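To start, the structure itself, in C-alpha cells.
Residue numbers (full-length UniProt numbering): 1 to 842.
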C-alpha cells in the first residue's frame with residue numbers, strides 16, 4: 001500500500017484578519033495564516049489547485065508570516081511565522097517545493113507575536129537578520145544562518161507600545177548600517193540603526209517620527225532608484241486614513257525638496273494637519289543621515305491597513321495600499337513634478353459599498369501583496385477570502401483572477417448533496433458554502449462555487465434534503481430550508497455538469513438579504529444597465545443596493561470571485577421550521593428527503609426530544625420522539641431510512657424503527673395526523689461511560705445472510721463501539737448488542753461509515769476523527785467483531801478537533817476514487833481521496 005493510495009484533493013481555509021499575516025515569495029508561493037495553520041498557495045498555478053498544504057506547528061492564531069529572501073543558487077527556502085501562542089517558528093523546504101517542514105521553534109517572547117521582518121546579510125554562507133515584534137512590547141533581533149536561530153538583542157519599546165509592523169533595510173550604499181523602522185499602538189514611528197561592522201550588532205533608537213494621528217499598521221522601506229547614492233523611502237500606513245512617505249538621505253545637506261520647504265502634501269489641504277517638515281538627524285558608522293517628511297497620500301476613506309513598495313524591473317517604484325474602505329490603490333511619483341498620485345484603484349466603488357456587513361461588503365482589505373514580478377496584486381478581505389488582479393500590458397488594465405476562499409471559524413457541519421455532486425459546509429463564521437469540482441476547465445479542481453447562506457447566528461448543523469434543497473440549524477430555535485436559485489443552478493451545470501440545468505426553471509433567479517433581516521429573499525436578477533435605487537436604512541425590507549444581482553454576474557465560465565460569491569450566490573429561504581425551545585444542536589434529513597429530524601440543546605426531559613418534520617407540507621409530525629434526558633449530539637437515518645439513530649450527552653444511544661404508519665416512504669406528509677412515523681425500538685442508557693459525540697450506520701448487507709446491521713458510536717470515553725443488530729426473542733424484532741469496542745487513547749469526536757461495503761467479504765470502512773485532530777480509518781468485518789486500523793499519513797491529521805466526517809455518496813457511474821470530507825475546528829475543510837486498494841487492504 002503506497003502513500004499514493006491516499007491523497008489530498010482539496011483544502012479550504014480562510015485567512016486570519018491581520019496585516020502581517022501573509023507574504024508572497026520570490027518563488028511565486030503565497031503563504032498566509034489560517035487559524036493555527038499556515039496555508040501555502042501558488043496563485044499563478046495554471047490549474048488553480050488552490051491551497052497545496054496546511055502547515056501545523058502553532059497552537060494559536062497565526063499573525064505574522066514572512067519568507068526569507070532567496071538567491072538563485074540557494075538550495076532551500078525558508079519561512080518565518082509568529083502567532084498568539086508567543087512562538088516564532090522557522091520552516092524549511094527544498095527550493096521550489098511546497099512541502100515545508102518545521103525546523104525550529106522559539107518561545108523567547110512573552111506576548112503574542114504581531115509582526116516579523118527579515119533582511120539578507122552579505123556573504124556566504126547565507127545569513128539573515130530577523131526582527132520580531134510582540135504584544136510584550138518588545139522587539140527581538142535574531143540571526144539565522146546554517147539552519148540555526150540565535151537571539152542577538154531584545155529591545156523594550158519606549159514609550160511603551162505594541163509593535164504591529166516592522167521593516168528592515170540598509171541605510172546607505174556601503175552595507176554597514178542597518179535601519180529598522182517600528183510602529184504600532186501609538187501614533188509615532190521609531191527609527192533604530194545598527195552597525196554591521198561592530199563587535200556586537202546592536203540596534204539603538206535614533207529618531208521618532210511624528211505626524212500620524214492613529215495607530216500605524218504597516219511600514220515598508222524601498223530605495224528610490226537603483227542609482228548609487230539613491231535615497232531610502234519609508235511608507236507608513238495608519239488608522240488616520242493617510243499614508244505618509246519619509247525620505248532618508250545620506251550627507252549633512254538636506255535633500256533638495258526639504259531644503260526648499262516644498263509642500264509635502266502635494267498641494268492638498270488637510271484640515272487640522274500641518275505637514276511638519278522637521279528634519280531628524282541620524283549618525284551611524286561615522287556617517288550622517290537626515291530623515292524628512294516627503295509626502296502625504298490622500299484618497300482612502302477609512303483606516304489603512306497596509307502599504308507595500310515594489311520596484312519593477314524597469315526601475316519604476318510603486319506603492320500598494322489597502323484600506324478598510326474596501327479599495328486598494330497603486331501610487332507612483334509623477335516623473336515631472338514628483339507628486340505622488342494614485343494610478344490604479346481596485347476593489348469597490350464607494351457608491352456600491354452597501355449598508356450591511358452580512359453580504360461581506362464592509363470591513364475592507366486587511367493586507368495587500370505584490371507578486372514577485374509586480375504584474376499581479378493580491379489582497380485579503382474581511383471574509384477571509386483572497387482577491388487577485390493581474391495586469392494586462394496590451395490593454396493597460398488590471399483584470400480580476402481566480403483566488404481562494406474558506407471559512408474563518410470552526411467548520412461545524414458538512415453534508416454532501418444526495419447524489420454526491422457537491423459538498424455543503426457550514427461554520428461558526430455564520431456562512432454556508434457550496435464546494436464542487438470545476439470540470440469545464442479540464443483541470444477538475446475544487447472551488448467554492450456558491451455561498452447559499454450568510455447569517456446573523458453561528459451555524460451548527462446542515463443536511464441535504466434533495467439535489468436542490470438543504471436545511472440548516474443555528475444558534476436560534478428554528479431551522480431554515482433553502483432552495484437553489486435558477487442563476488446558481490445554471491452556473492453549477494455549466495461549470496461542474498451538476499443537474500440538468502432545467503430542473504431549476506420554476507425557481508427564482510437569485511436571492512438577497514434585507515438590510516435588517518436574517519432571511520434570504522427570492523429576487524429577480526436585473527439587467528446590467530438597470531438603475532439602482534439608494535437604500536433607506538429605516539425600512540426593514542429595504543434591499544442593500546450592493547446586493548442587487550445582475551444577470552451577467554453568474555453567466556461566467558470560471559468559479560465566481562469573492563465579490564460575486566458573497567453577494568450574488570445566496571439561495572432564497574423557502575421554509576422555516578419551528579418547535580424547539582433552545583439552540584439547534586443537530587439535524588438529519590432522511591435519504592428519501594421526506595423527513596427532517598432535529599434536536600436542540602437541552603438540560604431537561606421535555607427539551608431533549610427529537611422533533612420530526614415532513615417536507616411535503618413542512619409541518620411537524622407529532623408526538624416528538626423521547627429517549628434522551630440531555631442534549632442529543634447527533635441524529636442519523638439508516639441508509640434505507642428504516643431506522644433513526646440518536647446519541648447524546650446523557651451517554652445513551654437510541655434506535656427508532658419506522659412504523660407501519662411511516663410506510664415504505666419514510667413518513668410522508670399524510671402521516672402528520674396518523675401517528676409518528678418512527679417509534680422507539682431500543683435504547684441503551686449506558687452506551688458509553690462518558691458523553692457520546694457521534695454515530696454512524698454501516699451500509700446494510702445486500703443479503704441479510706452476509707452479515708448483520710451495524711452502527712458505530714463514538715464518545716469522550718476514548719472508545720468507538722460497534723453495535724450489531726440481530727433478531728431477538730420478541731416477534732423477531734432487531735436487538736442491538738455490542739460487537740466490538742475500539743480504544744483510541746483520545747476522545748473520538750466524529751465517525752462515518754463508507755455507504756457501501758468493500759471486497760468479497762462485504763467489509764465496512766469506518767472513518768474516525770479525534771479531539772486532538774487525528775483522522776484514521778478502520779476496516780471492519782461484516783459481523784462487526786473485528787476491526788483493523790488503516791492509519792493515514794501524519795500530514796493528514798488536523799491541529800485541532802475533527803468536528804465532522806462525511807464520505808461522498810458514489811456519484812452516478814461510480815468512481816475509482818472514494819472521497820472523505822473532513823470538517824475541522826481549525827476552520828479548515830479538507831477532502832481526502834482514497835484509492836480502492838487502500839480501502840481493501842488486508
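For every residue, glycine included, the Cβ atom is placed at its ideal position computed from N, Cα and C.
Treat the numbers as computed from the prediction; the structure is a model and nothing was measured.
Roughly how many angstroms separate the alpha carbons of residue i and residue j, rounded to a whole number?
i, j, result
"residue 687", "residue 787", "19 angstroms"
"residue 190", "residue 279", "14 angstroms"
"residue 101", "residue 141", "23 angstroms"
"residue 168", "residue 98", "26 angstroms"
"residue 612", "residue 678", "9 angstroms"
"residue 746", "residue 599", "26 angstroms"
"residue 165", "residue 48", "31 angstroms"
"residue 900", "residue 16", "Lying before the first or after the last residue shown, residue 900 is absent from the chain, which here runs from 1 to 842."
"residue 590", "residue 465", "7 angstroms"
"residue 150", "residue 39", "26 angstroms"
"residue 540", "residue 455", "Low confidence applies here, because residue 540 scores a pLDDT of 46, under 50, leaving its location unreliable; read the following figure in that light. So the two alpha carbons sit approximately 16 angstroms from each other."
"residue 807", "residue 754", "6 angstroms"
"residue 103", "residue 78", "9 angstroms"
"residue 325", "residue 689", "54 angstroms"
"residue 313", "residue 768", "52 angstroms"
"residue 836", "residue 818", "7 angstroms"
"residue 639", "residue 712", "14 angstroms"
"residue 222", "residue 233", "5 angstroms"
Buried or exposed, going by whether 16 or more other CB atoms sit within 10 Å of the CB of residue i?
i, result
"residue 556", "exposed"
"residue 460", "buried"
"residue 578", "exposed"
"residue 777", "buried"
"residue 343", "exposed"
"residue 226", "exposed"
"residue 315", "exposed"
"residue 96", "exposed"
"residue 373", "exposed"
"residue 609", "buried"
"residue 469", "buried"
"residue 22", "buried"
"residue 322", "buried"
"residue 72", "exposed"
"residue 646", "buried"
"residue 605", "exposed"
Return the residue from the list the options that minimises the CA-CA distance to residue i.
i, options, result
"residue 379", "804, 769 and 43", "43"
"residue 657", "567, 248 and 681", "681"
"residue 630", "281, 691, 590 and 577", "691"
"residue 298", "309, 245, 289 and 216", "245"
"residue 476", "300, 137 and 458", "458"
"residue 448", "29, 40, 30 and 51", "51"
"residue 582", "478, 109 and 558", "478"
"residue 397", "409, 386 and 376", "376"
"residue 83", "69, 95, 136 and 45", "136"
"residue 210", "303, 243 and 480", "243"
"residue 90", "570, 238, 110 and 64", "64"
"residue 212", "199, 184 and 201", "184"
"residue 830", "220, 6, 5 and 12", "12"
"residue 215", "182, 781, 5 and 247", "182"
"residue 391", "194, 559 and 371", "371"
"residue 853", "714, 763 and 733", "Residue 853 lies beyond the stretch modelled for the chain, which goes from 1 to 842, so this question has no answer here."
"residue 127", "74, 235, 110 and 764", "74"
"residue 660", "566, 632 and 676", "676"
"residue 235", "319, 94 and 34", "319"
How close, in whole Å, do the beta carbons of residue i and residue j come, if the pair is a contact with beta carbons under 8 angstroms?
i, j, result
"residue 757", "residue 699", "5 angstroms"
"residue 790", "residue 779", "6 angstroms"
"residue 696", "residue 425", "Going by Cβ atoms, the distance from residue 696 to residue 425 rounds to 18 angstroms, so no, they are not a contact pair."
"residue 421", "residue 432", "Residue 421 to residue 432, Cβ: 16 angstroms. No contact."
"residue 192", "residue 201", "Not a contact, Cβ separation roughly 12 angstroms."
Taking 7 angstroms as the cut-off, is the C-beta of residue i nearer than that to any heavy atom in the ligand GTP?
i, result
"residue 498", "This structure simply doesn't include the ligand GTP, nor any ligand for that matter."
* Whole beta strand (DSSP E) runs in the stretch 77-137 with 3 or more residues, listed along the chain? -> 88-94, 101-106, 113-121 and 127-134
* Asked: Which runs of the alpha helix (DSSP H) fall wholly inside the stretch 43-77 and span at least 4 residues, in chain order?
  -> none
* Every unbroken beta strand (DSSP E) within the stretch 782-836, with a cutoff of 3 residues, ordered by chain -> Every beta strand (DSSP E) stretch that sits fully inside the stretch 782-836 and reaches 3 residues is listed by chain position as 787-791, 802-807, 817-824 and 829-835.
* To do: At 3 residues or longer, and completely inside the stretch 148-196: list those beta strand (DSSP E) runs for me, N to C.
  => 148-156, 163-170, 177-184 and 189-195
* Asked: Going along the chain, which unbroken runs of the beta strand (DSSP E) with 3 or more residues stay wholly within the stretch 585-632?
  -> 595-600, 610-614 and 620-625
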